[in-house]
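Enquirer: For the sequence shown, position 585 (counting from the first letter as 1) is numbered 585 according to the numbering used here, and the numbering increases by one without interruption.
Yeah, the Cβ is synthetic: ideal placement off N, Cα and C, and Gly gets one too.
Given the structure is predicted, the values throughout are model-derived calculations rather than measurements.
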Amino acid sequence: MTELLTLDNARDLDDFVRNHPRGHYMQTTLYGRSRPDYKWNGIVIRGEDGKITASIALHSQASRFAGMRLFYAPRGPVFTTKEQFRAIIKAAREYCRENKGYLLRIDPPVSAEDDLFRHKAESMGFRFDPRNDYTTYQPKCVYQTKLTGLTESELLSRFHSETRYNIRLAQRRGIIVREGSLSDLPVFQTMMEETGKRDGFVCKPAAFYENFLYSMGKNAHLLLAEKDGRILAGAIEVILGKKAWYVYGCSFSEGREDMPNYLLQWEMMCYALMEGCTVYDFRGVEGVPVPENPRFGLHRFKQGFDAGFIEYAGQMDLAMRPLVYWLMQCRAHYCSATVPFAPHCSKKRRQKTIRKIRLLPLLFAAAAVLTIWTALRNPKEAAGQVGFLACPEVTTRMPNAEPSLSLSFSADDWRLRLVNKTHILEENVVPELKELSNGLQVDSRCYPDLQEMMDDCRNAGRLPVISSAYRTFEDQRELYENKIEELRQKGYPYEDAKEMAGMVVAPPGTSEHHTGLALDIVDRNYQLLDDAQEDTDVQRWLIDHSWEYGFVLRYPNTKSDVTGIVYEPWHYRYVGRDAAREIHDRGLCLEEFLELLSEE
């Protein structure tokens with residue numbers, strides 16, 4: 001059962017988050033109350049016994065596009081199984097669509113190494129943000145110290161010797177740590193502003209920290225490091241359930257040689273131990289812990305407290321109104337003042353950004369013209385895709401909502417043969433093959449169009465490479481079983497490994513490569529089969545032109561829930577020039593095109 005909650009009736013949501021292994025304070029009403037600049041709503045999934053099994057706390061804010069909203073779940077949703085994840089996202093997506101949402105953004109604390117979660121999320125249409133710096137809503141990389149079963153002396157003994165020395169140095173020099181109150185916030189704010197100028201980040205207003213401490217109540221406390229009655233450094237710690245977070249920290253430049261920040265961290269960790277916490281979270285860092293990283297000093301500071309580096313899956317976006325999402329992404333890219341206008345930013349870079357901003361009116365005018373042209377060309381498509389002009393809700397575009405096909409097609413056409421998990425190819429079906437110059441083979445009937453496409457791609461200055469084409473059942477079976485074994489070596493149970501392998505490598509009999517009509521095409525300068533392939537010169541050309549030669553991108557990023565295959569920006573399928581034009585113009589995948597064909 002799905003239930004929608006507000007700040008006034010979500011106490012059991014807070015209890016669920018508090019006790020869940022993936023629970024985070026940002027997914028509670030406490031944090032929701034601390035952000036009055038956002039609208040808060042919670043959604044929960046309840047089991048038959050009425051207990052919550054999954055939850056998501058959504059923060060939203062209306063944009064200037066007819067009040068359309070971005071819905072964001074900071075460090076959410078909270079779930080245990082992949083079925084619960086699918087259920088809570090389905091409920092959240094429906095709620096967002098009903099409330100003029102153009103984007104659902106999440107960043108759950110799930111490991112980046114959890115390939116099964118990643119594939120599940122991608123199959124639902126999520127796009128992962130690769131950034132690992134502070135430009136995302138929440139940091140992708142954090143440090144955590146395990147506290148389970150440790151005493152203060154045992155914990156201290158695990159620290160790096162330099163860290164222990166600095167803690168004791170602060171104590172010898174007369175640094176004391178006390179709990180602060182709201183009356184100390186003006187000094188805390190002044191320290192935060194100085195720290196922001198020193199480290200190059202934008203400080204939040206004073207009212208933010210006051211509201212945060214008031215809303216979090218006994219779950220948050222302000223600690224201040226003093227020497228001779230003079231405050232040198234400060235930090236805010238949050239404790240929820242068995243977890244503690246170092247949330248905000250700052251210091252004056254004067255007095256840093258007395259190491260107040262080291263003693264502050266130690267006192268906060270001791271408080272977390274006293275409260276029975278099992279984890280102390282140092283929050284975010286930028287990049288990975290290598291000496292070449294300009295921010296490596298912060299990594300070393302946190303490593304000194306026996307903290308382990310953790311990389312999460314990161315920020316994930318599910319666009320529900322693609323055009324609005326694109327426009328907002330452009331706006332964020334060109335208008336963001338956080339990085340281009342930081343104190344350490346060069347004058348040349350600021351001037352470059354200003355020139356970009358001046359292009360915004362032209363950008364939005366072009367988008368408006370595109371929208372009107374689309375509406376005139378195909379009113380039904382416009383109603384489904386451009387909700388901020390046509391209707392208050394996104395209407396999922398189904399094949400039966402399309403106008404009739406402009407050309408006649410036969411479902412028995414060899415070029416349109418569907419091969420997937422529900423349409424299994426017989427093992428004795430072998431096409432007449434044509435060998436390519438690199439030894440690979442394709443169906444001889446698609447060879448002339450393939451050769452023309454590859455020649456034109458090369459003439460355009462690109463370097464395409466066909467890395468895979470026709471495969472026998474034996475070849476496919478070996479690839480599939482090897483993938484299962486690879487996942488089992490990572491610790492996945494057999495059934496999970498089998499399911500996950502099927503999303504990446506088709507089981508024998510279900511692969512389009514058996515037909516000789518499917519090709520994996522990569523850029524010679526980048527031959528890895530991953531999402532970055534879409535940014536290569538070859539893929540950009542193919543995405544724009546492959547349909548002109550009868551080939552379509554078979555597994556688009558937005559169609560994984562239909563195809564059952566994760567996004568593959570290198571996998572092309574020959575369907576013939578007429579069908580490719582229809583599929584391209586209508587934004588369909590092959591399954592949707594064949595369904596439309598069957599209805600006619």
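(1) How is G502 classed by DSSP in three states: helix, strand or coil?
(2) What is the DSSP secondary structure of P139, reduced to helix, strand or coil?
(3) In whole angstroms, what is the alpha-carbon distance linking E311 and I106?
(4) How long is the line joining the alpha carbons of A170 and D258, rounded to whole angstroms?
(5) Please give me, in chain order, every unbroken run of the alpha helix (DSSP H) with length at least 4 that falls completely inside the region 280-305.
(6) Figure out for me which residue from Q189, L224, L529 has the closest Cα to the Cα of E210.
(7) Does D228 come out as helix, strand or coil in the three-state DSSP assignment?
(8) Report yes or no: do the region 299-318 and the region 271-285 share at least 3 C-beta pairs separated by less than 8 Å?
(9) In whole angstroms, what separates the C-alpha of R540 from that of A497?
(10) Apart from the five residues on each side of it in sequence, which residues of its chain come closer than 6 Å, Cβ to Cβ, to L590?
(11) What runs of the beta strand (DSSP E), each 3 residues or longer, lie entirely inside the region 418-449?
(12) In this structure, does DSSP put T6 in helix, strand or coil?
(13) In its own chain, which residues sit with a C-beta less than 6 Å from the C-beta of P507, not counting the 5 before and 5 after it?
(14) Can you tell me whether G516 is buried or exposed? The criterion is at least 16 other CB atoms within 10 Å of its CB, across all chains shown.
(15) Grab the span of the beta strand (DSSP E) containing G249 for me, first residue to last.
(16) Can you have a look at M398 and say buried or exposed, based on whether 16 or more other CB atoms are within 10 angstroms of its CB?
(17) Excluding sequence positions up to five away, which residues of its chain have a Cβ less than 6 Å from the Cβ of P569?
(18) Start and end of the beta strand (DSSP E) containing V552?
(19) Report the three-state DSSP secondary structure of E582 (helix, strand or coil).
(20) Please list, in chain order, all residues of the same chain as F126 whose beta carbon is under 6 Å from its beta carbon, the five residues on each side excluded.
(21) Assuming L58 contacts A92 under a Cβ cut-off of 8 Å, what Cβ separation, rounded to an integer in Å, is found between them?
(22) Is N41 helix, strand or coil when you go by DSSP?
(23) Which residues bound the alpha helix (DSSP H) around L487?
(24) Classify W326 as buried or exposed, calling it buried when 16 or more other Cβ atoms lie within 10 Å of its own Cβ.
(25) Kindly indicate which residue of G249, R158, T278, L519 has the alpha-carbon position closest to the one of P21.
(26) Which stretch, first to last residue, makes up the alpha helix (DSSP H) that contains D14?
(27) In the DSSP assignment, what are the bridge partners of D520?
(28) With distances taken Cα to Cα, identify the nearest neighbour of R577 among E237, S546, Y143.
(29) Between which two residues does the beta strand (DSSP E) harbouring T510 extend?
(30) The alpha helix (DSSP H) with T151 in it runs from where to where?
(31) Under 6 Å Cβ to Cβ from R415, same chain only, skipping five residues before and after it: list those, please.
(32) Taking 8 Å as the threshold (C-beta atoms), are S123 and V566 in contact?
(33) Which residues does DSSP list as the beta-bridge partners of E179?
Expert: Straight from the coordinates:
(1) Helix, per DSSP.
(2) coil
(3) 15 Å
(4) Roughly 5 Å separates the two Cα atoms.
(5) Counting only runs of 4 or more, we get 296-303.
(6) Of the listed residues, the one whose Cα sits closest to E210 is Q189.
(7) coil
(8) The count of Cβ pairs closer than 8 Å, one atom from the region 299-318 and one from the region 271-285, reaches three, so the stretches are in contact.
(9) 33 Å
(10) none
(11) 433-435, 441-443
(12) coil
(13) Within the same chain, P507 has close Cβ partners Y480.
(14) buried
(15) 243-251
(16) For M398, the predicted model reports a pLDDT of 37, less than 50, meaning its position is unreliable; a value from the coordinates is still stated below. The residue in question, M398, is exposed, as its Cβ has fewer than 16 Cβ neighbours within 10 Å.
(17) Q533, E534, Q539
(18) 551-553
(19) helix
(20) M316, L318
(21) 7 Å
(22) strand
(23) 473-489
(24) exposed
(25) That would be T278, whose Cα lies nearest to the Cα of P21.
(26) 11-19
(27) Looking at the DSSP output, D520 sits in a beta bridge with S468, H571.
(28) S546
(29) No beta strand (DSSP E) contains T510, which DSSP labels as neither H nor E.
(30) Per DSSP, T151 belongs to no alpha helix (DSSP H) and is neither H nor E.
(31) V575, G576
(32) Going by C-beta atoms, V566 is nearer than 8 Å to S123.
(33) Paired residues: L223.
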